[in-house]
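With full-length UniProt numbering, the residue at position 67 of the sequence shown is 67, and numbering never jumps.
Even for Gly, the Cβ is constructed at its ideal location relative to N, Cα and C.
Because the structure is a prediction, the values reported are computed rather than measured.
Encoded as structure tokens, the structure appears first; notes follow it.
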Amino acid sequence: MYPSHQGAQDGRLAVPSQQHFGSGQQAPTSAISSFVTYAKAIQDLDKKNFPDEYAGHSDRIRELEPLLRAHGILDVMQIRNPDIAALLGQ
Numbered sequence: 001m002y003p004s005h006q007g008a009q010d011g012r013l014a015v016p017s018q019q020h021f022g023s024g025q026q027a028p029t030s031a032i033s034s035f036v037t038y039a040k041a042i043q044d045l046d047k048k049n050f051p052d053e054y055a056g057h058s059d060r061i062r063e064l065e066p067l068l069r070a071h072g073i074l075d076v077m078q079i080r081n082p083d084i085a086a087l088l089g090q
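As structure tokens, then:
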């Protein structure tokens, strides 16, 4: 007699909150946000004084590249920082 989810009593269906992606996948907007975050961080980071952080951010940018390419983001975005462009093979 009790509804299984909120809204069932008045005939509304529950709306999924977001599209679900498999493990290791991100939504395109999340990938863009992550890319911008790491790109800005690496841009302001001194490679010689913080080599571990620089390497970690570089690895993360490389991990995001296939997703950015798959969604065509790198086709419409110009990377102005030569170090970041080199990480993406541009």
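task: Taking all protein chains shown into account, decide if residue 91 is buried (16 or more other Cβ within 10 angstroms of its Cβ) or exposed.
output: Outside the shown range of the chain, which is 1 to 90, sits residue 91, and nothing can be said about it.
Span of the alpha helix (DSSP H) around isoleucine 79: Run containing isoleucine 79: none; DSSP gives neither H nor E here.
Aspartate 44 - containing alpha helix (DSSP H), residue span: Element bounds for aspartate 44: n/a, residue is neither H nor E.
- request: Could you tell me the boundaries of the alpha helix (DSSP H) in which leucine 68 lies?
  value: 51-70
query: Excluding five sequence neighbours on each side, which residues of the same chain lie with their C-beta closer than 7 Å to the C-beta of tyrosine 54?
result: Ile42, Leu45, Lys47
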